[in-house]
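One structure below.
2 protein chains.
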Amino acid sequence: MESVSRAVRPAAVSMTDVARHAGVSLKTVSRVVNAEQHVSGAVRETVQRAIEELGYQPNGAARALASKRTRRIGMIAASTSFSGPSAILDGVEKAVRQQGYSLALVRTQPDEGYEVQHAIAQLIGQGIDGLILSQPVGPDNPGIQGPAGVPLLSIDYPDARHSAGEIVVGTDEVDGARQAVNHLLSLGHRTVWHLGGDPAWAAARQRARGWRETLEAAGASVPEPVFGDWTAASGFAQMQKMLDAGSPTAVFVANDQMAIGAIHALERSGRSVPGDVSVVGFDDADESAFLHTPLTTIRADFQDTARQGVFRLIEAIIGRDEAPRQFTLPVHLVIRESTAPPRNGG
Amino acid sequence: MESVSRAVRPAAVSMTDVARHAGVSLKTVSRVVNAEQHVSGAVRETVQRAIEELGYQPNGAARALASKRTRRIGMIAASTSFSGPSAILDGVEKAVRQQGYSLALVRTQPDEGYEVQHAIAQLIGQGIDGLILSQPVGPDNPGIQGPAGVPLLSIDYPDARHSAGEIVVGTDEVDGARQAVNHLLSLGHRTVWHLGGDPAWAAARQRARGWRETLEAAGASVPEPVFGDWTAASGFAQMQKMLDAGSPTAVFVANDQMAIGAIHALERSGRSVPGDVSVVGFDDADESAFLHTPLTTIRADFQDTARQGVFRLIEAIIGRDEAPRQFTLPVHLVIRESTAPPRNGG
DNA sequence: GCCATCACTGACAGCGCTGTCAATCCAAAG
DNA sequence: CTTTGGATTGACAGCGCTGTCAGTGATGGC
Chain W
1 MESVSRAVRP AAVSMTDVAR HAGVSLKTVS RVVNAEQHVS GAVRETVQRA IEELGYQPNG
61 AARALASKRT RRIGMIAAST SFSGPSAILD GVEKAVRQQG YSLALVRTQP DEGYEVQHAI
121 AQLIGQGIDG LILSQPVGPD NPGIQGPAGV PLLSIDYPDA RHSAGEIVVG TDEVDGARQA
181 VNHLLSLGHR TVWHLGGDPA WAAARQRARG WRETLEAAGA SVPEPVFGDW TAASGFAQMQ
241 KMLDAGSPTA VFVANDQMAI GAIHALERSG RSVPGDVSVV GFDDADESAF LHTPLTTIRA
301 DFQDTARQGV FRLIEAIIGR DEAPRQFTLP VHLVIRESTA PPRNGG
Chain Y
1 MESVSRAVRP AAVSMTDVAR HAGVSLKTVS RVVNAEQHVS GAVRETVQRA IEELGYQPNG
61 AARALASKRT RRIGMIAAST SFSGPSAILD GVEKAVRQQG YSLALVRTQP DEGYEVQHAI
121 AQLIGQGIDG LILSQPVGPD NPGIQGPAGV PLLSIDYPDA RHSAGEIVVG TDEVDGARQA
181 VNHLLSLGHR TVWHLGGDPA WAAARQRARG WRETLEAAGA SVPEPVFGDW TAASGFAQMQ
241 KMLDAGSPTA VFVANDQMAI GAIHALERSG RSVPGDVSVV GFDDADESAF LHTPLTTIRA
301 DFQDTARQGV FRLIEAIIGR DEAPRQFTLP VHLVIRESTA PPRNGG
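Top to bottom, those sequences are chains W and Y. For the first sequence, position 59 (counting from the first letter as 1) is numbered 59 according to this note's numbering, and the numbering increases by one without interruption. For the second sequence, position 71 (counting from the first letter as 1) is numbered 71 according to this note's numbering, and the numbering increases by one without interruption.
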């Protein structure tokens with residue numbers, strides 16, 4: 001029993017074994033395995049049968065070495081369990097697998113001092129055909145230079161920071177913010193305050209931009225925003241700070257997690273939601289509909305965003321290059337019970 | 001600029017290039033790269049300098065092919081963004097990377113009809129030195145047979161379902177349940193109801209077992225439990241079902257997410273928490289301290305659990321086999337505001 | 001009915017590295 | 001000064017597959 005852990009790998013059958021068993025050449029087996037043309041139906045079947053009988057599994061390392069394609073995609077993702085990034089990881093993995101690739105994952109953690117460049121080097125060394133970036137790119141990570149020749153997909157909001165060849169897909173953060181702010185303004189609020197996410201993330205910057213631009217377009221005053229780090233704890237702390245600075249009647253919070261903390265701070269200060277203060281979140285997390293006060297929020301299809309990005313990336317890998325390189329997917333407002341008209345007409 | 005996407009990979013330098021540049025043999029470079037012995041200090045330095053000057057990066061595929069070790073670990077993880085599994089993924093990735101391995105991730109989704117055996121086959125084909133399983137193993141997945149000779153780590157609660165050679169680490173679900181139930185009993189509740197997680201998961205089964213055994217040990221009656229699927233939505237629905245069946249004064253819910261839904265259902269039915277009903281969750285999610293009613297819950301160090309498991313797995317891979325193969329890590333109760341004595345003494 | 005054409009098929013040379021084993025060198029021992 | 005043994009170094013043969021190119025029949029045109 002204890003031998004189970006020893007490498008009893010049953011002397012894996014190789015392509016040569018299959019060839020011998022099927023009575024054909026190595027190359028013909030290779031053709032069948034890779035679904036190439038120039039193999040007659042009869043031979044193809046014989047080989048296929050041999051493959052099944054022997055339980056043949058192609059050796060990825062040998063394949064990669066000979067073909068210089070690993071059929072593996074590397075992903076560098078910030079380490080969070082928040083709804084958005086989580087859904088993105090999910091969508092990426094699924095799409096990658098469906099395209100016949102596998103996923104090599106590296107997560108970055110802010111506190112870890114583990115820089116992106118190093119993570120990239122490691123992935124490239126292991127061998128990847130493409131690279132996906134789903135993590136903050138700010139002044140500190142100036143543009144992830146030279147991903148060493150592999151196509152790069154950033155799941156992010158397209159902006160000037162991205163290089164020319166890069167594929168960038170994201171959700172329409174700016175429009176989401178616009179919808180949130182307009183919803184609050186249309187309820188009668190004079191203006192809307194903003195509790196932003198970690199500004200290292202483009203998503204946080206773009207949500208803040210959308211908020212600001214919408215207020216300006218509406219001729220509303222623009223209160224000083226505060227920024228957290230996406231956690232409920234930071235939402236709690238930053239909302240307290242905001243309350244020290246003024247008395248909002250409406251707040252657009254950059255994600256649902258922080259909104260939970262923010263609402264907690266509002267209630268602890270004696271304010272009710274939405275009675276005294278309306279709150280809109282972002283992401284539509286799983287639990288947001290079931291909070292004490294079900295949360296009005298912006299829903300984005302992160303899974304689909306990821307999927308589209310992966311398709312685009314694989315097109316670039318195999319040399320087909322038609323679709324636009326940078327685009328965003330639409331989002332929409334989900335109205336629940338955390339928003340209402342201001343108590344006395346604003 | 002558009003050439004960025006073409007594979008302009010700068011004709012990667014090979015070990016041969018380094019050898020030539022350093023004036024030594026291929027094998028000597030190999031020794032330096034792999035930190036083997038039998039290389040004099042002077043030669044080692046020369047080679048190291050050559051490596052840096054040329055920016056040499058070992059080719060993973062070639063290495064894997066020649067050595068039959070990929071330095072890659074495969075992980076099959078259920079696709080959820082819940083706090084526990086999420087933290088486990090995080091911990092695994094970090095530990096794997098710190099040990100110099102890379103992580104190939106496959107996520108399974110219940111609705112997808114994508115079975116574990118197939119995922120394993122794919123990972124083995126790509127080449128992995130070890131396999132990690134973090135996903136439900138129930139009657140439907142009878143024991144993940146024959147991982148083809150690679151050491152297997154299950155992050156799960158050790159039980160009979162696991163095979164002899166398997167490494168199993170988990171958190172002490174049973175003890176967590178015990179602490180939750182005892183806390184509620186000690187507040188004066190006559191008994192404690194249970195809203196369980198998805199029974200496909202060992203965690204759900206063990207939490208239910210701990211709950212039942214603790215009640216029995218205390219001589220309390222054991223109400224019929226209900227089970228959800230870890231989501232807030234299922235917590236909401238199943239709590240309504242529980243309320244149809246009886247009038248609990250205390251409920252132990254199998255995770256925080258479901259607890260949020262459960263509390264929502266309680267409040268919608270006119271009950272207050274903890275006034276009418278006390279609720280204990282499990283996992284201590286990020287937002288649990290900031291809910292309208294901060295949640296009493298069980299905290300487990302999932303990251304550490306994952307880390308310990310990975311260390312153990314790598315020991316098995318390199319053939320060192322000392323530490324016990326199956327163990328659990330302790331958990332502890334975090335008391336917040338969702339629990340209180342029953343309204344009229346039970 | 002003969003040659004160009006095309007669909008198949010296979011031989012062979014590596015891909016970049018590691019494992020094995022033989023060769024070499026140096027210092028200490030005899 | 002020669003012998004012995006350990007430490008260092010290198011030559012060479014693959015790992016399992018793909019890419020290239022040559023070879024083989026069969027098909028079709030004139």
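Heads up, the beta-carbon is just placed ideally off N, CA and C, and yes, glycines get one too.
- A contact is defined here as three or more CB-CB pairs under 8 Å, and the segment 328-343 of chain Y meets this definition with respect to the segment 301-314 of chain Y.
- Between Ala285 of chain Y and Ser25 of chain Y, the beta carbon gap of about 56 Å keeps them out of contact (Cβ cut-off 8 Å).
- The segment 60-102 of chain W is shown to contain whole alpha helix (DSSP H) runs of 4 or more residues at 60-67 and 83-98, in chain order.
- Per DSSP, Gly309 of chain W is not a residue of any beta strand (DSSP E); the alpha helix (DSSP H) it occupies stretches across Phe302 to Ile317.
- For Gln240 of chain Y, the closest Cβ of chain W is not nearer than 9 Å.
- Residues of chain W with a Cβ closer than 9 Å to the Cβ of Val106 of chain Y are, in chain order, Glu93, Arg97, Ser102 and Leu103.
- Against chain Y, a Cβ distance below 8 Å from Phe236 of chain W picks out Phe290.
- Look at Ile155 of chain Y here: in three-state DSSP terms it is strand.
- Taken through DSSP and simplified to helix, strand or coil, Arg49 of chain W comes out as helix.
- Distance between Gln135 of chain Y and Leu123 of chain Y, taken at the CA atoms: about 16 Å.
- When secondary structure is reduced to three states using DSSP, Val181 of chain W falls in the helix class.
- Judged by DSSP in its simplified three-state form, Ile132 of chain W adopts strand.
- Burial state of Gly60 of chain Y is buried, judged by a 10 Å Cβ sphere holding 16 or more other Cβ atoms.
- Within the model, the alpha-carbon separation for Gln109 of chain W versus Ala78 of chain W is close to 6 Å.
- Excluding five sequence positions before and after Glu315 of chain Y, none of the CB atoms of its chain fall closer than 6 Å to its own CB.
- Listed by position along chain Y, the residues whose Cβ is nearer than 7 Å to that of Ala300 of chain W form an empty set, because the closest Cβ is around 14 Å away.
- DSSP places His194 of chain Y in the uninterrupted beta strand (DSSP E) bounded by Trp193 to Gly196.
- When Cβ pairs closer than 8 Å are counted between the two stretches, the segment 252-268 of chain Y is seen to touch the segment 202-211 of chain Y, the count reaching three or more.
- Considering only Y:Ser40, Y:Thr249 and Y:Gly261, the residue with the shortest C-alpha distance to Leu185 of chain Y is Y:Thr249.
- Within the same chain, and ignoring the five residues on either side of Pro341 of chain W in sequence, the residues whose Cβ sits closer than 7 Å to its Cβ are Leu187 and Gly188.
- Comparing C-alpha distances from Ile76 of chain W to each of W:His38, W:Ser86, W:Lys68 and W:Thr70 shows the shortest one belongs to W:Ser86.
- Looking at the backbone, the Cα of Arg97 of chain Y and that of Leu103 of chain Y are separated by about 8 Å.
- Distance between Ser154 of chain Y and Gln308 of chain Y, taken at the CA atoms: about 12 Å.
- Where Phe327 of chain W is concerned, the enclosing beta strand (DSSP E) starts and stops at Gln326 to Leu329.
- Of all C-beta pairs linking the segment 205-217 of chain W to the segment 162-180 of chain W, three or more are shorter than 8 Å, placing the two stretches in contact.
- For Thr339 of chain W, not one C-beta of chain Y is nearer than 9 Å to its own C-beta.
- Scanning chain Y for C-beta atoms nearer than 8 Å to the C-beta of Gln257 of chain W yields Asp286 and Glu287, reported in chain order.
- Taken atom to atom, the span from the alpha-carbon of Leu133 of chain W to that of Ala119 of chain W is near 11 Å.
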